[in-house]
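Enquirer:
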Amino acid sequence: MSLTISTWNINSVRLRIETVKRFLAETSPDVLCLQETKSPDEFFPLDALAELGYRHTMIRGMKGYNGVAILSRLPITASGSEDWCGRQDCRHVFAEINGIEIHNLYVPAGGDIPDPELNPKFAHKLDFLKQTEAWFRAQRTASKPMILVGDLNIAPLEHDVWSHKQLLTVVSHTPVEVDLLGRVQASSDWHDAVRHFVPATEKLYSWWSYRNRDWDASDRGRRLDHIWITQPLVPHLKAASIHRPIRGWEVASDHVPVTVTLDV
DNA sequence: ATGGTTGGGGTCCAA
Numbered sequence: 211m212s213l214t215i216s217t218w219n220i221n222s223v224r225l226r227i228e229t230v231k232r233f234l235a236e237t238s239p240d241v242l243c244l245q246e247t248k249s250p251d252e253f254f255p256l257d258a259l260a261e262l263g264y265r266h267t268m269i270r271g272m273k274g275y276n277g278v279a280i281l282s283r284l285p286i287t288a289s290g291s292e293d294w295c296g297r298q299d300c301r302h303v304f305a306e307i308n309g310i311e312i313h314n315l316y317v318p319a320g321g322d323i324p325d326p327e328l329n330p331k332f333a334h335k336l337d338f339l340k341q342t343e344a345w346f347r348a349q350r351t352a353s354k355p356m357i358l359v360g361d362l363n364i365a366p367l368e369h370d371v372w373s374h375k376q377l378l379t380v381v382s383h384t385p386v387e388v389d390l391l392g393r394v395q396a397s398s399d400w401h402d403a404v405r406h407f408v409p410a411t412e413k414l415y416s417w418w419s420y421r422n423r424d425w426d427a428s429d430r431g432r433r434l435d436h437i438w439i440t441q442p443l444v445p446h447l448k449a450a451s452i453h454r455p456i457r458g459w460e461v462a463s464d465h466v467p468v469t470v471t472l473d474v
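Residues in the first sequence are numbered from 211 upward in steps of one, following our numbering.
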């Protein structure tokens, strides 16, 4: 049997619930992880998802900003969340499904100025990454079957951005962030499940700004959304994909879903 | 160097 998991920064789940339903109908992953749901839990459209078979949920939202959710067709046997940086800003949940612990993260975007002295949002982003790294080092072992997904708001590789040279000083691709993301990746010996199938020399994006006249033609994308797995799951990797055409759907998010399939 | 667009909540902030 196989396990398919998708991650998607939906940029308001209430505004885009029809888009979510279309994606689930077409792709039918076993688990969908969302970020930037922008919905308090009491207003989350759970009924529409239950109708499609996603009856097991772990959601954590707030008014207006952030918010993460795990929606599953398979039972959730354990769940929880962490508050890195102590802000209660709804950037992490986890759920155990089929004996695999799935972590869903929304890393702070970090503002515009890549200097923690001048920009508190960038300082928050760096602190969040440091605390995430420390948490996995202290609380989990790399031998545990785990999946980490989410909008990590960092494009680590040269070909995860449209122009490595031009983006070296742009928040999401600066060396200090990429270095810290590498430390998070080392914390549980995480393996990039998407680059597993796509050579590092090939351009690969999951996000295109709203601020381009024609996102498809200019193609100035970045790979901000990721799926990582721990080593015990690596031999079980079957496929990975980034759903680029969804960026062109009506009322599109600026991010598209990323999907990985494992045999379990 | 600048500005471009979108969402949410409310006449501006975050991305």
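Where a beta carbon is used, it is the ideal one built from N, C-alpha and C, also for glycine. All values derive from a computational prediction rather than experimental measurement.
1) Give me, in chain order, the residues of the same chain whose beta-carbon lies closer than 7 angstroms to that of residue 214; leave out the 5 immediate sequence neighbours on both sides.
2) Taking only three categories from DSSP, how would you classify residue 282?
3) Ignoring anything shorter than 3 residues, give me the beta strand (DSSP E) runs that lie fully in the stretch 358 to 388, in order along the chain.
4) Might you give, ordered along the chain, the residues of its own chain that have their beta carbon closer than 8 angstroms to the beta carbon of residue 419, omitting 5 neighbours on each side?
5) Less than 8 angstroms separating the beta-carbons of residue 383 and residue 410?
6) Would you call the stretch 267 to 282 and the stretch 245 to 257 in contact, with 3 or more CB pairs under 8 angstroms?
7) Give me the DSSP bridge partner(s) of residue 247.
8) For the alpha helix (DSSP H) containing residue 229, name the first residue and the last one.
9) Determine, using beta carbons only, whether residue 433 and residue 361 come nearer to each other than 8 angstroms.
10) In terms of residues, what are the limits of the alpha helix (DSSP H) holding residue 347?
11) For the putative contact between residue 276 and residue 320, defined by C-beta atoms under 8 angstroms, what is the C-beta separation to the nearest angstrom?
12) Just to confirm, is the Cβ distance from residue 459 to residue 435 under 8 angstroms?
13) Pull up the DSSP beta-bridge partners for residue 305, would you.
14) Rounded to whole angstroms, what's the CA-CA distance from residue 234 to residue 274? Just pull it up for me.
15) With a threshold of 8 angstroms, are at least 3 pairs of Cβ atoms found where one atom belongs to the stretch 284 to 297 and the other to the stretch 249 to 263?
16) Between residue 478 and residue 450, which are expected to be in contact by the criterion C-beta below 8 angstroms, what is the C-beta distance as a whole number of angstroms?
17) Taking DSSP's pairing of strands, which residues face residue 431 in a bridge?
18) Can you tell me where the beta strand (DSSP E) with residue 447 in it begins and where it stops?
19) Have a look at 224, 222, 237, 413 and flag the residue whose alpha-carbon is nearest the alpha-carbon of residue 453.
20) Look at the alpha carbon of residue 243 and the alpha carbon of residue 398, and state the distance between them as a whole number of angstroms.
21) Assuming contact is defined by CB atoms lying nearer than 8 angstroms, are residue 355 and residue 443 in contact in what I supplied?
22) Give me the residue from 391, 296, 456, 313 with the minimum Cα distance to residue 281.
23) For residue 351, does the count of other Cβ atoms within 10 angstroms reach 16, so buried, or fall short, so exposed?
24) Whole angstroms are fine: how far does the CA of residue 336 sit from the CA of residue 310?
25) Going by DSSP, name the residue or residues bridged to residue 465.
26) Would you tell me roughly how many angstroms separate the C-alpha atoms of residue 390 and residue 230, rounded to the nearest one?
27) Please go through the same chain and pick out, in chain order, the residues whose beta-carbon is closer than 7 angstroms to the beta-carbon of residue 393, but skip the five residues on each side of it.
28) Just grab the DSSP bridge partners of residue 268 for me.
Expert: Put simply:
1) 239, 240, 469, 471
2) strand
3) none
4) 425, 430, 464
5) no
6) yes
7) Looking at the DSSP assignment, residue 247 forms no beta bridge with any residue, so it has no partner.
8) 227 to 237
9) no
10) 330 to 349
11) With a Cβ gap of about 14 angstroms, residue 276 and residue 320 do not count as contacting.
12) no
13) 289, 312
14) 24 angstroms
15) no
16) Residue coverage of the chain in this structure runs from 211 to 474, which leaves residue 478 outside it and unanswerable.
17) 418
18) 447 to 452
19) 237
20) 20 angstroms
21) yes
22) 313
23) exposed
24) 28 angstroms
25) 417
26) 32 angstroms
27) 343
28) 280
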